[in-house]
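Peer 1: Before I ask anything, here is the structure I am working with.
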């Protein structure tokens, strides 16, 4: 407004600005001109802050704002240049922010609101990309499984980077395409949508939590009865726990070992080879983890590394069996193993 400096000019908003716009402008400018952020010019910062506080105190009060609007109308009608806006000196705060300062603020806030769903989508996309990379690089998969917290940090960092880039791009587009007045209108609409979104999310969360509490609360007694009925009879012996297979090589030669066994809750499978050093004992770990079972029956095949000594099943023994393994057929020897004091199955090979 030529010749008249108003509180609207101090906060750099239009005269029909909404309460949300005024609040956002005051927050932005007060943060920029806080004395702690202007150590090189503290006196000027205090003066500007005083004017900002005065302007916001007037415009945030409906009655005082109405009186200020009436004063503006009187000044316009009188055509009085150089009037002041209720305590100001008729001049804008020095470098209180060019017209681009609020445009930047509006554009940033609008970009945040429009890209509300980018972060979760970016997180899912990063997780899929990381999963694909893990499938292509087995060593990466094992590393990610070992350091799961690092995996989570990578996903969070990737999602944040994508979100920041998308919001900055949208913000730059807004600054290029729209002037301050249009951005102010869009910012007001954004704040309304943000309020509606927060209400919807809050109500949905309350309904979801209430529904879960009602569901589990109403069914609590029934589930307790079911759990009591399903409680195992203490008189019955507890089912045996799976035991691991330990191989003791009592032969003076290094050997390799393969086994056909029944995993707990699974189907018979053949695994190998494991190299067992001479005069040593070792547990076996396969594709499913430790080689362990509740079934004491095992089939095994072993041979020294020079293949001069072989432990295998006999052709005339019907209890032994032949299994295809690594492209060849091997005659596996059937054994029933007892558990030792530690609860493991022990198989001792001698030569």
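Residue numbers (the UniProt record's numbering): 1 to 351. Ideal placement from N, C-alpha and C gives every residue a C-beta, glycine not left out.
1. DSSP three-state label for residue 41, please.
2. Give a yes or no on whether the C-beta atoms belonging to residue 330 and residue 346 are separated by under 8 Å.
3. Answer yes if the stretch 289-307 comes into contact with the stretch 258-276, meaning at least three C-beta pairs across the two stretches below 8 Å, and no otherwise.
4. Determine which residues share a DSSP beta bridge with residue 332 and list them.
5. With distances taken Cα to Cα, identify the nearest neighbour of residue 251 among 257, 280, 130.
6. Would you kindly work out how many angstroms separate the C-alpha atoms of residue 295 and residue 210, rounded to a whole number?
7. Residues bridged to residue 346 by DSSP?
8. Could you compute how far the alpha carbon of residue 135 sits from the alpha carbon of residue 148?
9. Would DSSP call residue 144 helix, strand or coil?
10. Which full runs of the beta strand (DSSP E) of 3+ residues lie inside the stretch 252-308, going along the chain?
11. Please return the same chain residues whose Cβ sits closer than 6 Å to the Cβ of residue 315, not counting the five positions on each side in sequence.
12. Taking 8 Å as the cut-off, decide whether the C-beta atoms of residue 45 and residue 10 are in contact.
13. Suppose the cutoff is 6 Å on Cβ atoms and the five residues either side in sequence are ignored; what does the same chain contact list for residue 162 look like?
14. Per DSSP, what kind of secondary structure is residue 314 in: helix, strand or coil?
15. Using CA atoms only, rank isn't needed, just tell me which of 253, 6, 35 is closest to residue 278.
Peer 2: So, to answer that:
1. The three-state secondary structure of residue 41, taken from DSSP, is coil.
2. no
3. yes
4. 321
5. 280
6. When only Cα atoms are considered, residue 295 and residue 210 end up about 48 Å apart.
7. 246
8. Residue 135 and residue 148 have their C-alpha atoms some 16 Å from each other.
9. helix
10. 255-261, 269-276, 280-283, 297-304
11. none
12. no
13. 122
14. coil
15. 253
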